[in-house]
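**Q**
Residue numbers (the numbering used here), protein chains in the order written: chain A, 153 to 486; chain B, 77 to 349; chain C, 14 to 169.
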């Protein structure tokens, strides 16, 4: 038995969102008389943390505690239109729409507070703890609850706002074929080290070192979780899972979660991550999106590492032990 | 179609029910039958809940030990008598499944499942089946070959191994749990530097687990040298069609069977006879 | 054909009728309204329906409902009353859930481990959750959360 260590590297420029006739998302924000805000989105949180991040963005913009904001997602009856949760666009597109909507609602709340305190709205600031006070005179203060209540019961104002963020469609230049597809890119560099057993084709002892440039980590723990979990899924796509293992033959499809192969908790890769923050000029508080980019780089990096380890190029996914072994036998035969 | 359920502690009744109705099954831990019900398998029409102390018993019997068909993998792991089967039982499923999956169920598990059965073959186990109001014994291999006669398995009898030792390994794609690419169980007795007896069984490789007689012949009579092992490994494919499924092709399974037999016996070389 | 079945559900005695061939999972979710165990695959491959029957870790989807007659059945809901189990707290602290579908089964499996083996090694934790699939986290935060609770409960 011989085991061979190999290293593969990869670098990624990842476009945030897409450009197919424009890329809009919308958000609606309103407050109840208690000063508790609801953000209504038709956007979907599919586990990546959209609810958490849009909640933070709304609270930060409104100037209220995170606990005063509830985000209602995934209902196209109550939420305004969103293109969807794909193309790593959620934080960037939906986050910007939430900022726009929350700004409108904040303006109504501050206007009511200004009338209560008998000052100009531009002289007011929020402390993020549920209070609105006069700049430089924190004792002249009203709670966001009282402001929201006054707006609705005394002044007949709706503490609400709607927002849309649109990346307009970019036409193709007929002369050059050039188009401005997106406004914002995230970046990644990754190194994968692994061991290949040249008798079985098995990959083991995977170690991943990566650096992700994601604008700003709006929620660092969520970000880390998404990068670790996403890279794990990338490893699964690279070396394990497929619905068509014998493609194009339809025979031998998986029939349960043992035959649909996924790495188990004993197949974990050690993964060290560096997060670099270069705030995006048009991102919500500088945020981009790590979504798909956390999984994608693992695939070419694994292919490159296998080539480095045993000299065979596998160009079909997943890179199974069987494919590696067949390639090794061909290489030896040649 | 509604499913019929019969509760009984009479093995004779259960044996008659399954012999006369191909839609009747004796329930073990549910890991096979409940799954088939969820999958909409209309062939499962009648579940027999058979109870009785004998069915979960693990106890010494003259010349060996008996394991009831409804003993779970966890029961096997908790029984000192069944020490020879601890490694194979631990390689089945994950903790929750091991608390449910039974020895009887493993005999009829859908390939590539059936790791415990593979070890039982190498241990020369016998199937203990209901016969009238009594019991009958037949070699496990014969029970597995004859899938047309529906017999009620009450348990298995594992004979004393004398000086033989069981060597066992299971290859999976995912870890620590996964279905078998190939499972190898080899029971070897050695004396004076020579292999005096070899029983070698493979699971995952060709549908139901089987004994590889060509491999056994190649290993018996001489010392357990690298050349002998290599020759034996070349006999694994004799008379079988390796199975292909989503996990691996038959080609890969046979290649891995050779590699793992060699690795397993390579370790056995260095171990005390 | 319906059969009466009596058992305790999270400490409370319950009696109800089960249809022939019905699983414990369907009984819990549809008839008792305890939706904490999840229906994942119905094949025993995902662990989302993990519960404890007489203290033993089992898969509710593969358990024929009438076989729990007289047994004590515990779902993750039993662990969160009156206060959250330390494992539930640790899963939140370690961000050990994304979509959350595997979490109830994962916590029942982890609690069963710690009840029998209060100081598990990392490999023993991996073994204990090996029947519970997670597709979001990559398992790492889950393993960390369980090990953190083990360290905390042993030192307490």
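All residues carry an ideal CB built from backbone N, CA and C; glycine is no exception.
Given the structure is predicted, the values throughout are model-derived calculations rather than measurements.
1. From residue 224 (chain B) to residue 340 (chain A), what distance separates their C-alpha atoms?
2. Pair every Cβ in the region 202-211 of chain A with every Cβ in the region 237-251 of chain A, then say whether three or more of these pairs are closer than 8 Å.
3. Report buried or exposed for residue 332 (chain A), applying the criterion of at least 16 other Cβ atoms within 10 angstroms of its Cβ.
4. What in chain E is Cβ-close to residue 118 (chain C), meaning under 8 Å?
5. Please report the Cβ distance between residue 226 (chain A) and residue 179 (chain A), rounded to the nearest whole angstrom; I am assuming they are in contact, meaning their Cβ atoms lie under 8 Å.
6. Give the single residue among B:141, B:337 and B:117 whose Cα lies nearest to the Cα of residue 233 (chain B).
7. Just reading off the alpha helix (DSSP H) that residue 289 (chain B) is part of, what are its end residues?
8. Looking at the ligand SAM, does it come within less than 6 Å of residue 219 (chain A), judged from the CB to the closest heavy atom?
9. Which residues of the region 401-420 of chain A have a Cβ closer than 8 Å to any Cβ of chain C? Give them in chain order.
10. Distance check for residue 176 (chain A) and residue 169 (chain B), CA to CA, integer angstroms please.
11. Just reading off the beta strand (DSSP E) that residue 440 (chain A) is part of, what are its end residues?
12. Check whether the Cβ of residue 201 (chain C) lies closer than 7 Å to any Cβ atom in chain A.
13. Quick one: which chain A residues come within Cβ less than 9 Å of residue 320 (chain B)?
14. Taking residue 28 (chain C) as part of the beta strand (DSSP E), name the residues at either end of that continuous run.
15. Enumerate in chain order the residues of its own chain whose CB-to-CB distance from residue 349 (chain B) is below 6 Å, with the five nearest sequence positions on each side excluded.
16. What did DSSP end up calling residue 395 (chain A) once you bin it into helix, strand or coil?
17. Give a yes or no on whether the minimum CB-CB distance between residue 474 (chain A) and chain B is below 7 Å.
18. Quick check: residue 308 (chain B) and residue 295 (chain B), are their CB atoms within less than 7 Å of each other?
19. Take residue 101 (chain B) and list the residues in its own chain whose beta-carbon comes closer than 8 Å to its own, dropping the five residues that flank it on each side.
20. For residue 252 (chain B), which residues in chain C fall below 9 Å Cβ to Cβ?
21. Taking the beta carbon of residue 19 (chain C) as the centre, do at least 16 other beta carbons fall within 10 Å, making it buried, or is it exposed?
22. Would you call the region 259-268 of chain A and the region 292-309 of chain A in contact, with 3 or more CB pairs under 8 Å?
23. Pick from B:280, B:257 and B:239: whose alpha carbon is nearest that of residue 270 (chain B)?
24. Check whether the region 372-383 of chain A touches the region 421-432 of chain A, counting contact only when three or more Cβ pairs, one atom from each stretch, lie closer than 8 Å.
25. Below 6 Å CB to CB, which residues in the same chain sit around residue 338 (chain B) once its five sequence neighbours on both sides are set aside?
26. On the DSSP bridge list, what partners appear for residue 155 (chain A)?
27. Pick helix, strand or coil for residue 96 (chain B), following the three-state DSSP scheme.
28. Measure the alpha-carbon distance for residue 195 (chain A) versus residue 220 (chain A) and round it to whole angstroms.
29. Is the separation between the beta-carbon of residue 442 (chain A) and that of residue 378 (chain A) shorter than 7 Å?
30. State the start and end residues of the unbroken beta strand (DSSP E) segment that holds residue 287 (chain A).
31. Do residue 263 (chain B) and residue 217 (chain B) have their C-beta atoms closer together than 7 Å?
32. What's the call for residue 173 (chain A), buried or exposed, on a 16-neighbour Cβ count within 10 Å?
33. For the region 238-310 of chain B, which segments carrying the beta strand (DSSP E) assignment without a break, of at least 3 residues, lie completely within its bounds, in sequence order?
34. Inspect the beta-carbon positions of residue 277 (chain B) and residue 194 (chain B) and report whether they are closer than 7 Å.
35. Which full runs of the beta strand (DSSP E) of 3+ residues lie inside the region 279-345 of chain A, going along the chain?
36. Of all the options A:351, A:302 and A:364, which has the alpha carbon lying nearest to the alpha carbon of residue 382 (chain A)?
**A** To lay it out plainly:
1. The C-alpha of residue 224 (chain B) lies about 60 Å from the C-alpha of residue 340 (chain A).
2. Yes: at least three Cβ pairs fall under 8 Å.
3. Exposed: under 16 other Cβ atoms inside 10 Å.
4. Given the protein chain composition of this structure (A, B and C), no chain E is represented.
5. Contact flag wrong, Cβ pair sits at about 13 Å.
6. Among B:141, B:337 and B:117, the Cα nearest to that of residue 233 (chain B) belongs to B:141.
7. Membership of residue 289 (chain B) in the alpha helix (DSSP H) is indicated by the continuous run 289-295.
8. In the structure shown, the ligand SAM is absent, as is every other ligand, since no ligand is present at all.
9. Taking 8 Å as the Cβ-Cβ cut-off against chain C, the residues of the region 401-420 of chain A that qualify are 408, 409, 410, 414, 416, 417, 418 and 420.
10. Residue 169 (chain B) and residue 176 (chain A): Cα-Cα distance of roughly 48 Å.
11. Taken as a continuous stretch (DSSP letters only), residue 440 (chain A) belongs to no beta strand (DSSP E), as it is neither H nor E.
12. The displayed coordinates of chain C run from 14 to 169. Any statement about residue 201 (chain C) would go beyond what the structure contains.
13. Neighbours of residue 320 (chain B) in chain A, taken as residues whose beta carbon is under 9 Å from its own, are 398, 403 and 404 in chain order.
14. Per DSSP, residue 28 (chain C) belongs to the beta strand (DSSP E) from 25-32.
15. Residue confidence for residue 349 (chain B) is low, a pLDDT of 43 falling below 50, so the modelled location carries little weight; the figure read from the coordinates is stated next. Cβ neighbours of residue 349 (chain B) beyond the five flanking positions: 266.
16. Coil, per DSSP.
17. Yes, contact with chain B.
18. Taking a C-beta distance under 7 Å as the contact criterion, residue 308 (chain B) and residue 295 (chain B) qualify as a contact pair.
19. So the qualifying residues of the chain are 94, 109, 120, 122, 123 and 124.
20. The answer, in chain order, is 136, 139, 140 and 143.
21. Per the 10 Å Cβ criterion, exposed.
22. When C-beta atoms of the region 259-268 of chain A are compared with those of the region 292-309 of chain A, three or more pairs fall below 8 Å, so the two segments count as touching.
23. Ranking the options by Cα distance to residue 270 (chain B), first place goes to B:239.
24. Two segments are said to touch when three or more pairs of C-beta atoms, one from each, lie closer than 8 Å; by this definition the region 372-383 of chain A touches the region 421-432 of chain A.
25. In its chain, beyond the 5 residues on either side, 305 and 309 have a beta carbon closer than 6 Å to the beta carbon of residue 338 (chain B).
26. Paired residue(s): A:349.
27. Under the three-state reduction of DSSP, residue 96 (chain B) is assigned to helix.
28. Distance from the CA of residue 195 (chain A) to the CA of residue 220 (chain A), rounded to the nearest whole angstrom, comes to 20 Å.
29. Contact flag set, yes.
30. In the DSSP annotation of this structure, residue 287 (chain A) is not part of any beta strand (DSSP E), being labelled neither H nor E.
31. No, Cβ-Cβ distance for residue 263 (chain B) and residue 217 (chain B) is not below 7 Å.
32. Burial call: exposed.
33. Counting only runs of 3+ residues, the beta strand (DSSP E) found wholly inside the region 238-310 of chain B occupies 241-248, 256-267 and 270-279, in chain order.
34. Contact flag set, yes.
35. Along the region 279-345 of chain A, the beta strand (DSSP E) occurs as fully enclosed runs of 3 or more residues at 283-286, 289-295 and 312-319, listed in sequence order.
36. The option with the nearest alpha carbon to residue 382 (chain A) is A:364.
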